[in-house]
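Read in numbering that gives the first Met the number 0, the sequence shown has 320 at position 321, and its numbers run on one by one without any break.
Glycine residues also receive a C-beta, built at the ideal position from the N, C-alpha and C atoms.
Since this is a predicted model, take the numbers as computed values, not measurements.
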Amino acid sequence: MEKKVKFGVVGVGSRGLGAFSTMICQRTDAEVAAFCDTNEIRMKTAAEKLKINPNFYATITDMVKNESLDAVVITTPDFYHEQCAVEALENGVNVLIDKPLATSVKGCRNIIAAAEKAGKTVMLGFNLRHNAVLKKVKKLISENTIGKVFLIENREFYDGGRTYMSRWNRSYEFCGGLWIHKGSHDFDVFQWLLDFPKPVKVSSFAGINVLNKDHIPFEVTPGTPVGPTCHECPYKKICPDIYDISGELDRWGDEAAQLDGYKKDLCIYTSDKSVHDNGIAMVEYDNGARASHMECFVTPISDRRYTIVGELGQIEASLTDRIVTLRPRWSREIVTYQIPDEEGGHGGADPNLLDAFIKVITGVLPNTSTTEHGMMSTAVGQAAELSRREERTVFIEELFRD
Ligand SMILES: NC(=O)c1ccc[n+]([C@@H]2O[C@H](COP(=O)([O-])OP(=O)(O)OC[C@H]3O[C@@H](n4cnc5c(N)ncnc54)[C@H](O)[C@@H]3O)[C@@H](O)[C@H]2O)c1
């Protein structure tokens, strides 16, 4: 039997366990040899759930020094991506980083320098590129069905928004803001669909309109405060936004929180936060194309809805409905494609992403999701964050000045 690809998983939380470790364990050509997490309880429960016996490490330093790994998957909070990637690369290990590459252009450049020195692969977890709906869109563009693309719009709707308001990613400090944490996916899709022009300038508007103390959706009794977490909240039976983690308290409950203070279900209305619950960002590229990305975390639906306009026609796509519509410019012949469901997380994109990474590090495929791409999507996100804070258009080159 062929040698299995030995993985270390760094950050055994939602993605580390629920996506990557689970998918690795489902394969016959790969194995999870080691876990690294600052929280030992989460490593133990993850190993029990997967019925595996990896070595545990509290730091990436110890993991990469003591294991002989083919690759690490980095699924820590975004702020730690840079340090973890650099240490893995310095120890000669290939890296798959769930998006974003890092929370600043500076951090991305440090990873790129370490990767060049090590001569190892760093691939980005831009799973949207592996989504069958977007792959169809990309194929239609490549087949020149709509000519040269000059305008893209994406509207992202996310129901509940709790994951962005109730844990570390509600804080700019840990994720660089939602234009990087969430939008880097979308800014990467724009560049991928446009065939990688350079982004030149970015403007954005964003803020909190709904997910604050003024919008608690029930009557609060004086003297009985809301929260702080859903599982402790006296209003949990009447709150329409309850985040029920009762099935996961072994990993995210009070015992695990005692080790690191991590609470996963802080009240989305009363938590302190420095990110937005809705916003619009616009980007202009050096080939003259323009794109706009709207993201809203307070909606009754979850979807990404695209309109892509080329000189010869237009494509519309919905990731949730899995429908792609092609409208030629001078014809009424509209073609609609219903994209079949695929198994696995994010509409089948997650297992496709892992498969691609294994093929890249075993030399079967070239890496098409590079650190350069990761850096440009972070750059657009960082520019959008600066734009909304400083209320001005931000030129990407500003972020590259030493
Ligand atoms: N591609 C996607 O669709 C997608 C979706 C969700 C999240 N993500 C990304 O995945 C990553 C993980 O997100 P998540 O939702 O799984 O987070 P999470 O909070 O559920 O898990 C993070 C884990 O990292 C651990 N950790 C914290 N600091 C650490 C450190 N210094 N070293 C090792 N472990 C550390 C935590 O204890 C926790 O177990 C983030 O970068 C996020 O942006 C990607």
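Check: Is the stretch 168–179 in contact with the stretch 368–388, if contact means three or more CB pairs nearer than 8 Å?
Finding: Touching, per the Cβ criterion.
Margin query: If you measure between the beta carbons of D145 and G312, is that distance less than 9 Å?
Written below: First, the amino acid is wrong: residue 145 is Ile here, not Asp. Yes. Within cutoff.
Check: In terms of residue numbering, what span does the alpha helix (DSSP H) encompassing N65 cover?
Finding: Segment I59 to N65, the alpha helix (DSSP H) holding N65.
Check: Should G405 be counted as a contact of ligand 1 given a C-beta to heavy atom distance under 8 Å?
Finding: Residue numbering for the chain in the displayed model covers 0 to 401; residue 405 lies beyond these limits and cannot be assessed.
Next item on the list: For T306, I'd like the list of residues in its chain whose CB is within less than 6 Å of its CB, leaving aside the five on either flank, ordered along the chain.
Entry: So the qualifying residues of the chain are E152 and E315.
Check: Ordered along the chain, which non-local residues of its own chain (more than five positions away) have a Cβ less than 7 Å from that of P239?
Finding: Closer than 7 Å at the Cβ level, and outside the excluded window around P239, lie P216.
Next item on the list: Please check the pair K263 and I244, which I expect to be a contact at CB under 8 Å, by giving their CB distance rounded to whole angstroms.
Entry: Contact check for K263 and I244: beta-carbon distance about 6 Å, within the 8 Å limit, so the pair qualifies.
Notebook entry, point to check: Rounded to whole angstroms, how far is the Cβ of D458 from the Cβ of K3, which I believe are closer than 8 Å?
Noted result: No answer is possible for residue 458: the residues shown for the chain start at 0 and end at 401.
Next item on the list: Drop a sphere of 10 angstroms on the beta-carbon of D253, count the other beta-carbons inside from all chains shown, and report buried for 16 or more, exposed for fewer.
Entry: Exposed: under 16 other Cβ atoms inside 10 Å.
Check: Just how far apart, CA to CA, sit A70 and W167?
Finding: A70 and W167 have their C-alpha atoms spaced approximately 26 Å apart.
Item checked: Closer than 8 Å: R166 CB and nearest ligand 1 heavy atom -> For ligand 1, at least one heavy atom lies less than 8 Å from the Cβ of R166.
Checklist line | Extent of the continuous alpha helix (DSSP H) run through R41 | finding: Counting along the chain, R41 sits inside the alpha helix (DSSP H) bounded by residues E39 to L49.
Next item on the list: Kindly give me the distance between the Cβ atoms of D285 and K358, rounded to whole angstroms, as I take these residues to be in contact under 8 Å.
Entry: Actually they do not touch by this definition, with Cβ atoms about 31 Å apart.
Note to self: According to DSSP, is H129 part of a helix, a strand, or is it coil?
What the structure shows: It is helical.
Next item on the list: For E66, I'd like the list of residues in its chain whose CB is within less than 7 Å of its CB, leaving aside the five on either flank, ordered along the chain.
Entry: Taken in chain order, the residues that qualify are G7, A32, A33 and N54.
Notebook entry, point to check: Would the beta-carbon of F156 fall within 9 Å of that of L95?
Noted result: Contact flag unset, no.
Notebook entry, point to check: Along the chain, where does the beta strand (DSSP E) that runs through G106 open and close?
Noted result: The continuous stretches of beta strand (DSSP E) do not include G106, which lies in the alpha helix (DSSP H) extending over residues V104 to A117.
Check: By how many angstroms is the C-alpha of G159 removed from the C-alpha of V219?
Finding: Each residue's alpha carbon lies about 20 Å from the other.
Item checked: Euclidean distance between Cα positions of A348 and S386 -> One C-alpha to the other measures close to 31 Å.
Item checked: Cβ-heavy atom distance, T58 to ligand 1, below 8 Å -> Within the cutoff, so yes.
Margin query: Please return the same chain residues whose Cβ sits closer than 6 Å to the Cβ of T228, not counting the five positions on each side in sequence.
Written below: Cβ neighbours of T228 beyond the five flanking positions: K262, D264 and L265.
Margin query: Under 8 Å: does the beta carbon of P350 sit that close to some heavy atom of ligand 1?
Written below: Checking every heavy atom of ligand 1 against the Cβ of P350, none is found closer than 8 Å.
Notebook entry, point to check: Apart from the five residues just before and just after R41, which ones in its own chain have a Cβ nearer than 7 Å to its Cβ?
Noted result: Here R41 has V11, G12, R250 and A255 as same chain residues with Cβ atoms under 7 Å from its own Cβ, once five neighbours each way along the sequence are excluded.
Next item on the list: Output yes or no for whether 9 Å exceeds the beta carbon distance between A205 and I279.
Entry: In this structure, A205 sits near I279, with a CB-CB distance shorter than 9 Å.
Next item on the list: With a threshold of 8 Å, establish whether the CB of V76 neighbours any heavy atom of ligand 1.
Entry: For the record, residue 76 in the displayed sequence is Pro; it is not Val. Checking the Cβ of P76 against ligand 1 gives yes.
Note to self: Using 8 Å as the cut-off, can you tell me whether the stretch 129–142 makes contact with the stretch 335–354, which would need three or more C-beta pairs spanning the two stretches below that distance?
What the structure shows: With the cut-off at 8 Å, the stretch 129–142 and the stretch 335–354 touch.
Check: Just to confirm, are G362 and N351 a CB contact at a threshold of 9 Å?
Finding: Against a cut-off of 9 Å, the Cβ pair of N351 and G362 comes out as no contact.
Check: Whose C-beta lies closer than 7 Å to the C-beta of I110 among residues of the same chain, with five residues either side of it excluded?
Finding: Contacts found: E81, A84, V85, L100, A101, V121 and T370.
Margin query: According to DSSP, Q257 sits in a beta bridge with which residue or residues?
Written below: DSSP lists no partner for Q257.
Checklist line | CA-to-CA distance, N277 to P221, given in whole angstroms | finding: C-alpha of P221 to C-alpha of N277: approximately 30 Å in a straight line.
Note to self: Our contact map puts H214 next to Y268 with C-beta atoms below 8 Å; I'd like the distance itself, whole angstroms only.
What the structure shows: Indeed they touch by this definition, with Cβ atoms about 6 Å apart.
Next item on the list: Check whether the Cβ of P196 lies closer than 8 Å to any heavy atom of ligand 1, and answer yes or no.
Entry: Relative to the non-hydrogen atoms of ligand 1, the Cβ of P196 never comes closer than 8 Å to any of them.
Notebook entry, point to check: Are the beta-carbon atoms of V9 and I51 separated by less than 9 Å?
Noted result: Not in contact: V9 and I51 (Cβ atoms no closer than 9 Å).
Item checked: P350: first and last residue of the uninterrupted beta strand (DSSP E) it sits in -> Per DSSP, P350 is not a residue of any beta strand (DSSP E); the alpha helix (DSSP H) it occupies stretches across A348 to I360.
Margin query: Any heavy atom of ligand 3 inside 8 Å of the beta-carbon of D185?
Written below: Looking at this structure, you won't find ligand 3 anywhere; what it does contain is ligand 1.
Checklist line | Assumed close pair R169, S103 - CB separation to whole angstroms, cut-off 8 Å | finding: No, R169 and S103 are not in contact; Cβ-Cβ is about 18 Å, not under 8 Å.
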